[in-house]
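Chemist: Handing you a structure now.
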């Protein structure tokens, strides 16, 4: 089964992708990871990507599709793939459809993780982690049992991502909605769109995704 997970930053796509990988043996395909791997491998498309990235320019759709094509030839994708962060535009979605058809593959479903923007701003902007072990916490929803001490490793140093603030999260949400609205209509027209409540508890989201893919 090959699927796309759609959802803004903080919606939990990474968490749900890891669960699908563990339970179904699927492979998560992130364009950032694929680009870095292609550059490191020194493949033809990787060399093109390196030149563009070193020049400080945005990688073209042609290069991104080339990287995806290369990755889909690897043997580990036979159990199915999860596209995360790709496609971002209708042009990329059309190119992906053509690429999959060329390889005798198809896209089975597109799962859109629907969120409440203000609740997501609160969820993301309140996050912090233990600097030692990476255990995650939240200002209101999950504080350490002993203030200032990590529940897991006993560490006393914590950190926040610089972009996990309300203003930045709202900007990222606005950009996501602007980019993805056309994609949602595109895949709805194909009959492949499934929607789940991205604000539910993790286990509930997992159950909804399982039902959507059944």
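Numbering (our numbering), first residue to last: 620 to 833. Even glycine gets a Cβ: it sits at the ideal position worked out from N, Cα and C.
1. If you follow the alpha helix (DSSP H) that residue 710 is in, where does it begin and where does it stop?
2. In terms of residue numbering, what span does the alpha helix (DSSP H) encompassing residue 827 cover?
3. I need the boundaries of the beta strand (DSSP E) containing residue 805, first residue and last residue.
4. Does the Cβ-Cβ distance between residue 651 and residue 664 come in under 9 Å?
5. Rounded to the nearest angstrom, what separates residue 676 and residue 667 at their Cα positions?
6. Can you tell me which of the three DSSP states residue 645 falls into?
7. Would you grab the beta carbon distance between residue 730 and residue 815 for me? Rounded to a whole angstrom, and I think it's under 8 Å.
8. Could you compute how far the alpha carbon of residue 688 sits from the alpha carbon of residue 776?
9. Could you give the residue range of the beta strand (DSSP E) that holds residue 816?
10. What is the rounded straight-line gap between the Cα of residue 735 and the Cα of residue 818?
Modeler: Looking at the atomic coordinates:
1. Locating residue 710 in the chain shown gives position 91, counting from the first residue. Residues 709-721.
2. Here the question's residue 827 lines up with position 208 in the chain shown. Element bounds for residue 827: 821-832.
3. For this step, residue 805 is matched to residue 186 along the chain shown. Counting along the chain, no beta strand (DSSP E) covers residue 805; the unbroken alpha helix (DSSP H) around it starts and ends at 785-808.
4. The residue given as residue 651 occupies position 32 in the chain shown. The residue given as residue 664 occupies position 45 in the chain shown. Result no, Cβ atoms of residue 651 and residue 664 do not sit closer than 9 Å.
5. The residue given as residue 676 occupies position 57 in the chain shown. The residue given as residue 667 occupies position 48 in the chain shown. If I take the Cα positions, the gap works out to 12 Å.
6. As a working mapping, residue 645 is identified with position 26 in the chain shown. Correct three-state label for residue 645: coil.
7. On the chain shown, position 111 is the one that residue 730 refers to. On the chain shown, position 196 is the one that residue 815 refers to. 6 Å between Cβ atoms; contact.
8. In the chain shown, residue 688 corresponds to position 69, counting from 1. In the chain shown, residue 776 corresponds to position 157, counting from 1. C-alpha separation (whole angstroms): 43 Å.
9. Taking the chain shown and counting its residues from 1, one reaches residue 816 at position 197. That run of the beta strand (DSSP E) goes 812-816.
10. Translated into positions along the chain shown, residue 735 becomes position 116. Translated into positions along the chain shown, residue 818 becomes position 199. Their backbone Cα atoms lie some 7 Å apart in a straight line.
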